[in-house]
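Residue numbers (my numbering): 64 to 990.
What follows is one structure encoded as structure tokens, with my remarks underneath.
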């Protein structure tokens, strides 16, 4: 450490500690972001693979048995465990990276591809058809099953295709379904030989029934009752189960008509699958299925594809489809996360630059003196770089270490790069700002406030360039949207660019209102107002950086808050469309008569609407069905108005006297009796089909009701779908009018109390529970958490920028108050002066941030679809979740800026009033 650096650190330890804290925090957040993205991306991929199940995510290599043209001993040797084990090791070694095989759940063996009829009369025959079995000689049974009865199967001597008897094991479920016991003998047909006897020596229980060993082919653990194709009846079913042979007994399968095949079952190691490797994984799978890796696998197995081969080796898996589905979900989430990352990253970078710029501005006299005394620009810049590097490098390393320890993730390079970028920016901010300000040696500089300094041509060109970039990004986002634009960083920068452009425009317009207000204020009594405006107008040009940081942060906070609010509203709306109310109780039969009153007495229930729903109603005795809902028009209209789903006036559906259903048998004309038609509310599709004429509707109980469509609504609370009718249930028959569903409203519904009141026979859906189910993947919840953290971090950096700006001017303001007090300024006037001086910039930032956030959301909302991040990937979104302005996200950050600026200024005035003025009035003291 050079004497210069050591002296500077001793002179300003507080500033050094503050810079170290800022760099450490920023480096930690920057390094944590890519690791958090990797963590939720990997969790989402693992969830997708787990939901797909081993049967879809596993890779199955299947090879036919050698050709009958070969000697029988050679064909038998190809099925023995020694050959299969050697080929299994070769196949595992040929799996391309980054796909990794889980050796504990992978296996190999021989199985029949055609089921074998077992004619033994003691096997169950539900409809008279004999049971069938599949012979499987799979390796690793002892490691994946627990013995319940008997002993594990084994082979005596060398088994051949002419063996008369072999041993096998069955699972507990297979033994129960097929009435098998230890010692049972099952006979299967032979080819040019006597039937093969399979003696069951063991009944086993799978240790991990959901693992790939047992689940790739569920028949191994669970028998199935197969129904033959054709008309449904009870006369065409038979049992199908699996008999687990000893691996050494596999050659015996050659003596059956089961058409055996060799297979190698590879289960991917889920923990080794990473989201950032998705494209490489898909390439590896494509190579295995139909590329170079498949050719290598065929060579390793010995598939010569000539006259001695009964077929070719195939590799099959649905893992590529699982990865493609996950990739589509990620494509919808990543652009929104990038918007938050760029916004917060921009604000953090502005704060770091501002910290360096303010430090250079505060040390302007010192640096100008060094230049005047002969210090070279390169030497001065090098000293300042060394001074900041001594502080920033350890702080950046500390922040990186904290992020690596707090968020374990497979990759460290992105975190290292982002932390290094933060550290480099912190190291270069002060030297570069000082080099730009002191290129020429000057002893006295001119005024550099916003009202006197004219923007340079370079600044004008740079601002016009940013305007063009922002316009292009906004137009691209409006046209193409965020979907499929994860790699287009300009689109993700669009909200930030809008905020930056607005900040630059406001900086240019900032002097105009100050000049306009300064003249009228000068005519007022008292000097506080005029002096505060004059002081605000003499804000130095570097002090406009806080405005840039505040405006960018407010725009990002408003945009991010609106995204989060849109996500919440989309989930709430989707849950409402699914349930129809705050809660729903429904059965397939009429509800008990006393149930509605019992539900009304449950705490938290504000309203109950009874509905009788016939899902299979048939208009005009046709084949098409519609859902007909019988309701009390008053209750149902209140419900529809409250939930905002197809509201109407209750009197519009009220049945007239004599209107309603006809007899159970219905009239031949289908008019439903002599009464007038019931007024009905219909969906647009139903109204387009039947118009406004009266028409009969046959109900499930055999009665008929005549309806006439008088209202058309896109949706209704009781049912969903494209075809529905809603009528007054007073016009239905007694059976059809009995309610089958209760639609409940209430802000604080108790799910447990509702279930106890409804009993076990009724199904209960709660809107809150349905809302929670829409978060189907950790990818969605993780992205939402990162977005929330990014918005909070952006707000924190905005507050820090404001505090830095106010603290930078603190010595000058303290000295000003001391001088003014010698002229008779009171403490109250001093507080008003500082508050009024800080208000113009705070008001400008608050109003500008609010308007910019609103404009950014309005401009970008057509191209942003929140459906993917809001709703579960497995659900069908009822409507498109669009971005719209959120009042709280716009106003709360702006008000916070005003309150903080006012509070800091008032606190500074109070603190300076408690201190004496003698020190501040000493001439020549460094302040």
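The beta-carbon is built from N, C-alpha and C at its ideal position, and this holds for glycine as well.
| Asked | Found |
| --- | --- |
| For residue 536 versus residue 557, is the C-beta distance shorter than 9 Å? | yes |
| Using the C-alpha atoms, what's the distance from residue 668 back to residue 808? | 6 Å |
| Buried or exposed: which applies to residue 117, given that a residue is buried once 16 or more other Cβ atoms fall within 10 Å of its Cβ? | buried |
| For a test of the three-state rule: what should DSSP assign to residue 642, helix, strand or coil? | helix |
| Specify the secondary structure class of residue 151 as computed by DSSP and reduced to three states. | helix |
| Are the stretch 383-400 and the stretch 456-463 touching by the rule of at least three beta carbon pairs closer than 8 Å? | no |
| With the cut-off set at 9 Å, would you say residue 119 and residue 328 are in Cβ contact? | no |
| Among the residues of its own chain, which have a CB less than 7 Å from the CB of residue 195, if the five just before and after it don't count? | 178, 179, 180, 181, 301, 303 |
| State the CB to CB distance for the pair residue 214 and residue 264, rounded to an integer number of angstroms; the pair is presumed to be in contact (CB under 8 Å). | 6 Å |
| CB-CB under 7 Å to residue 210, same chain, minus the five flanking residues each way: which ones, in chain order? | 265, 267 |
| Unbroken alpha helix (DSSP H) runs of length 4 or more, entirely within the stretch 761-845: which are they? | 797-800, 814-821, 830-836 |
| I need the straight-line Cα distance from residue 990 to residue 425, nearest angstrom please. | Legend: pLDDT at residue 990 = 45, less than 50; position of this residue unreliable, value from coordinates given subsequently. For residue 990 and residue 425, the distance between alpha carbons rounds to 9 Å. |
| For residue 162, which of helix, strand or coil comes out of DSSP? | coil |
| Quick one: what's got a C-beta closer than 8 Å to residue 137's C-beta in the same chain, skipping five residues either side? | 129 |
| Secondary structure at residue 250, three-state DSSP: helix, strand or coil? | strand |
| Between which two residues does the alpha helix (DSSP H) carrying residue 67 extend? | 66-74 |
| Quick one: any contact between the stretch 355-364 and the stretch 146-164, if contact means 3 or more CB pairs under 8 Å? | yes |
| With contact counted as at least three CB pairs below 8 Å, one residue from each stretch, are the stretch 613-630 and the stretch 953-960 in contact? | yes |
| Can you look up residue 758 in the DSSP assignment and give me helix, strand or coil? | strand |
| Using the three-state DSSP reduction, which class does residue 130 fall into: helix, strand or coil? | coil |
| For the alpha helix (DSSP H) containing residue 660, list its first residue and its last residue. | 658-663 |
| Check residue 752 in the structure and name its three-state DSSP category. | helix |
| Can you round the beta-carbon distance between residue 773 and residue 742 to whole angstroms, since I take them to be within the 8 Å contact cut? | 4 Å |
| Between the stretch 310-320 and the stretch 184-204, do at least 3 Cβ pairs fall closer than 8 Å? | yes |
| Can you give me the C-alpha to C-alpha distance between residue 876 and residue 897, rounded to a whole angstrom? | 8 Å |
| Taking 9 Å as the threshold (beta carbon to beta carbon), is residue 292 in contact with chain C? | Note that chain C does not occur in the displayed structure, where there is just one protein chain. |
| Expressed to the nearest angstrom, what Euclidean distance is found between the alpha-carbon atoms of residue 421 and residue 572? | 22 Å |
| Can you pull the DSSP bridge partners for residue 916? | Answer is none; residue 916 lacks a bridge partner. |
| What residue range is occupied by the uninterrupted beta strand (DSSP E) comprising residue 494? | Unbroken run through residue 494 is the alpha helix (DSSP H), 476-500; no beta strand (DSSP E). |
| First and last residue of the alpha helix (DSSP H) that includes residue 185? | From DSSP, residue 185 is part of no alpha helix (DSSP H); its letter is neither H nor E. |
| Verify whether the separation of the beta carbon atoms of residue 103 and residue 662 is less than 9 Å. | no |
| Quick check: the stretch 926-936 against the stretch 622-633, are at least 3 beta-carbon pairs closer than 8 Å? | yes |
| In angstroms with no decimal places, state the Cα-to-Cα distance between residue 376 and residue 125. | 6 Å |
| Would you kindly work out how many angstroms separate the C-alpha atoms of residue 68 and residue 847, rounded to a whole number? | 44 Å |
| Contact between the stretch 852-870 and the stretch 403-416: three or more CB pairs below 8 Å? | yes |
| Where residue 906 and residue 343 are concerned, what is the direct C-alpha to C-alpha distance, given to the nearest angstrom? | 51 Å |
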